[in-house]
Amino acid sequence: MRISMWTSFLYGRPFESIVRSFRKAGFDSADLSAEHLQELLHSARPLEQAKQWRSLADGLGLPLLQTHLALETDLTLPLEESRKQLDSLKRQLELAMFLEIPAAVVHVSQCSGIDTPVPDADQPGTGLDPAREENAVRYLTELSAFLRRSPTRLALENLFFAELRAANLIRLIELAGRPAEVGICLDTGHLHCSGGDQIEFLDAAAGYLIALHVADNTGVADYHMLPLGRGTIDWRQFMRKLKSIDYPGIFNLEASGENSAAYPEILDAKLEYAAKVVQTLMRLE
Numbered sequence: 035m036r037i038s039m040w041t042s043f044l045y046g047r048p049f050e051s052i053v054r055s056f057r058k059a060g061f062d063s064a065d066l067s068a069e070h071l072q073e074l075l076h077s078a079r080p081l082e083q084a085k086q087w088r089s090l091a092d093g094l095g096l097p098l099l100q101t102h103l104a105l106e107t108d109l110t111l112p113l114e115e116s117r118k119q120l121d122s123l124k125r126q127l128e129l130a131m132f133l134e135i136p137a138a139v140v141h142v143s144q145c146s147g148i149d150t151p152v153p154d155a156d157q158p159g160t161g162l163d164p165a166r167e168e169n170a171v172r173y174l175t176e177l178s179a180f181l182r183r184s185p186t187r188l189a190l191e192n193l194f195f196a197e198l199r200a201a202n203l204i205r206l207i208e209l210a211g212r213p214a215e216v217g218i219c220l221d222t223g224h225l226h227c228s229g230g231d232q233i234e235f236l237d238a239a240a241g242y243l244i245a246l247h248v249a250d251n252t253g254v255a256d257y258h259m260l261p262l263g264r265g266t267i268d269w270r271q272f273m274r275k276l277k278s279i280d281y282p283g284i285f286n287l288e289a290s291g292e293n294s295a296a297y298p299e300i301l302d303a304k305l306e307y308a309a310k311v312v313q314t315l316m317r318l319e
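Those letters in the sequence shown? Residues 35 to 319, per this note's numbering, in order.
Below, the structure is given as structure tokens:
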């Protein structure tokens with residue numbers, strides 16, 4: 035399994051510097067962050083810029099194997115009233131397909147922020163209301179048809195409330211006709227601070243899981259910590275289960291709670307530490 039960091043960890047540096055730093059730290063793949071995908075989308079020559087970035091990454095042995103569509107995406111909006119969003123998503127997916135990125139992660143609805151109160155563990159999310167569910171299914175039908183015969187698949191990310199459980203995401207996929215172009219992304223931090231169970235999610239999502247956002251927290255809020263630190267996810271148990279389900283994707287860190295530092299060399303040291311954390315996780319049994 036390849037190990038990955040999402041490119042926003044060093045956002046603000048030139049892209050070449052980012053991928054060189056990732057490779058030097060020990061990562062062997064990368065997640066093109068939503069911020070970088072938007073940067074490509076709004077550049078003067080998106081495909082030319084994308085080709086340069088892919089050439090840089092591939093040349094370093096750091097393929098771009100995952101990306102994230104716009105964070106503000108809401109697939110539960112009526113399709114007729116959100117054509118601008120649909121057109122933007124298709125342009126983003128065109129870039130993902132051009133880059134031959136296997137998994138493009140998307141929010142089904144608006145993501146709650148870091149300070150959003152955690153729902154009561156005894157009141158788990160129960161899915162979308164019928165109207166929003168129907169809207170999401172229409173979006174998935176449209177986007178899966180757009181992706182047909184391409185190297186890219188759409189990965190639905192679990193959020194905090196309506197999309198809390200794997201069953202909710204699987205229901206949407208099934209209602210859309212179980213298109214091969216749609217799978218699931220597990221965000222471990224979202225699940226943990228929402229009172230969910232990592233092992234139950236992995237069991238339920240086996241066969242659908244194509245992407246990971248790996249981060250830890252204490253169960254209070256989504257602080258995007260590195261694993262094996264102050265967080266409270268049982269990583270030994272998680273790794274044992276992940277290895278057992280034949281997950282085809284990359285092990286990707288989304289540790290935005292760790293990417294601040296007073297000096298660049300400190301951030302570089304944090305990046306190297308993050309790679310060592312993942313290498314340790316890979317050895318857990």
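Where is the CB? At the ideal position from N, CA and C, for every residue including glycine.
CB contact flag (residue i, residue j, <8 Å)
i           : j           : result
residue 213 : residue 184 : no
residue 137 : residue 187 : yes
residue 315 : residue 273 : yes
residue 190 : residue 143 : no
residue 256 : residue 224 : yes
residue 84  : residue 123 : no
residue 245 : residue 219 : yes
residue 309 : residue 49  : no
residue 141 : residue 105 : yes
residue 304 : residue 288 : no
residue 36  : residue 94  : no
residue 248 : residue 286 : yes
residue 284 : residue 38  : yes
residue 318 : residue 269 : yes
residue 120 : residue 127 : no
residue 59  : residue 306 : yes
Residue burial classification, residue i (beta-carbon count within 10 angstroms, cutoff 16)
i           : result
residue 76  : exposed
residue 265 : buried
residue 63  : buried
residue 199 : buried
residue 279 : exposed
residue 117 : exposed
residue 254 : exposed
residue 42  : buried
residue 221 : buried
residue 261 : buried
residue 89  : exposed
residue 52  : buried
residue 296 : exposed
residue 217 : buried
residue 97  : buried
residue 170 : buried
residue 300 : exposed
residue 162 : buried
residue 147 : Because residue 147 carries a pLDDT of 44, less than 50, the predicted location of this residue cannot be relied on, and no value is offered for it.
residue 157 : Legend: pLDDT at residue 157 = 42, less than 50; position of this residue unreliable, no value from coordinates given.
residue 172 : buried
residue 215 : buried
residue 290 : buried
Residue-chain proximity (residue i, chain D), Cβ-Cβ < 8 Å
i           : result
residue 255 : In the structure shown, chain D cannot be found, because there is only a single protein chain.
As assigned by DSSP and simplified to three states, the class of residue i
i           : result
residue 153 : Residue placement at residue 153 is flagged as unreliable, the pLDDT there being 45, under the threshold of 50; the coordinate-derived value follows with that caveat. Three-state result, residue 153: coil.
residue 38  : strand
residue 172 : helix
residue 291 : helix
residue 207 : helix
residue 233 : helix
residue 281 : coil
residue 135 : coil
residue 141 : strand
residue 297 : coil
residue 45  : strand
residue 202 : helix
residue 253 : coil
residue 158 : Bear in mind that a pLDDT of 40 at residue 158, under 50, signals an unreliable position, so the number given afterwards is only what the model happens to contain. DSSP places residue 158 in coil when its eight states are reduced to three.
residue 148 : Low per-residue confidence applies at residue 148: pLDDT is 41, beneath 50, and the placement is therefore not dependable, though the value from the model is reported in the following sentence. If DSSP states are grouped into helix, strand and coil, residue 148 belongs with coil.
residue 244 : strand
residue 302 : helix
residue 51  : helix
residue 127 : helix
residue 188 : strand
residue 220 : strand
Query raised in the report: With contact counted as at least three CB pairs below 8 Å, one residue from each stretch, are the segment 87-101 and the segment 65-74 in contact?
Result: yes
Query raised in the report: Counting Cβ pairs, one atom from each stretch, are 3 or more of them under 8 Å apart for the segment 235-249 and the segment 167-182?
Result: no
Report task. Tell me, please, whether the segment 222-232 touches the segment 201-209 by the rule of three or more beta-carbon pairs shorter than 8 Å. Result -> no
Query raised in the report: What are the complete beta strand (DSSP E) segments, minimum 3 residues, inside the segment 59-106?
Result: 63-66 and 98-102
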